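In our numbering, the protein residues as written are 33 to 198.
Quick reminder that beta carbons are idealized off the backbone N, C-alpha and C, glycines included.
Note that the structure is a prediction, hence the values are computed from the model and not measured.
Each remark here refers to the structure printed beneath this line.
Encoded structure:
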């Protein structure tokens, strides 16, 4: 079971089998909260972000992150196939940029994230973050929005896109 509020360690041992990532409330204002999340070695980024979004009952937020990964799978959305082409990086890499948002998909929070990672020779790879394994750390700052965001399936692409009419 996941912890109930910010400031605790998120119990996600089923995801990783070791000491869980840490969260801390940095600021609370009328419009929302700012939450820091520090991932540990071996954490999977997308599952961890989903766990925090559920635990903190986020219905709208945006986030940024920096750190490093031991491996990552990025995606490039192929409109013709209506699916992601996978870009697999099986080596240590720096997270040059990781940005994304949290919005409701039905009643559950959904993470949408894009990342650029830097390789040892300075080359970069970027795309939609499908999966990433932390090594040695990933530092995320989440800023809650004052209103919830809702996703709705787009018939043309099959993607769950933000619905600004909600």
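Quiz item: Which one or two residues does DSSP pair with residue 162 in a beta bridge?
Solution: On the chain shown, position 130 is the one that residue 162 refers to. None; residue 162 has no bridge partner.
Self-check item: Limits of the unbroken beta strand (DSSP E) element including residue 79
Solution: Residue 79 sits at position 47 when you count from the first residue of the chain shown. Where residue 79 is concerned, there is no enclosing beta strand (DSSP E), although the alpha helix (DSSP H) it sits in stretches over 77 to 87.
Quiz item: If you check the beta carbons only, do residue 98 and residue 106 fall under 9 Å apart?
Solution: Taking the chain shown and counting its residues from 1, the one referred to as residue 98 is at position 66. Taking the chain shown and counting its residues from 1, the one referred to as residue 106 is at position 74. Cβ atoms of residue 98 and residue 106: not closer than 9 Å.
Exercise. Determine the burial state of residue 128: buried for a count of at least 16 other Cβ atoms within 10 Å of its Cβ, exposed for fewer.
Key: Taking the chain shown and counting its residues from 1, the one referred to as residue 128 is at position 96. Looking at its Cβ environment, which holds fewer than 16 other Cβ atoms inside 10 Å, residue 128 is exposed.
Practice problem: Give the DSSP bridge partners of residue 61, in chain order. | Solution: The residue labelled residue 61 in the question sits at position 29 within the chain shown. In DSSP, residue 61 forms a bridge with 64.
Quiz item: From what residue to what residue does the beta strand (DSSP E) around residue 129 run?
Solution: Counting from one through the chain shown, the residue named residue 129 turns up at place 97. Per DSSP, residue 129 belongs to the beta strand (DSSP E) from 125 to 137.
Quiz item: Which of the three DSSP states, helix, strand or coil, is assigned to residue 55?
Solution: One-based indexing of the chain shown puts residue 55 at position 23. Residue 55: strand per DSSP, three-state reduction.
Quiz item: With which residues is residue 182 paired in a DSSP beta bridge?
Solution: Within the chain shown, residue 182 is the residue found at index 150, counting from 1. Paired residues: 136.
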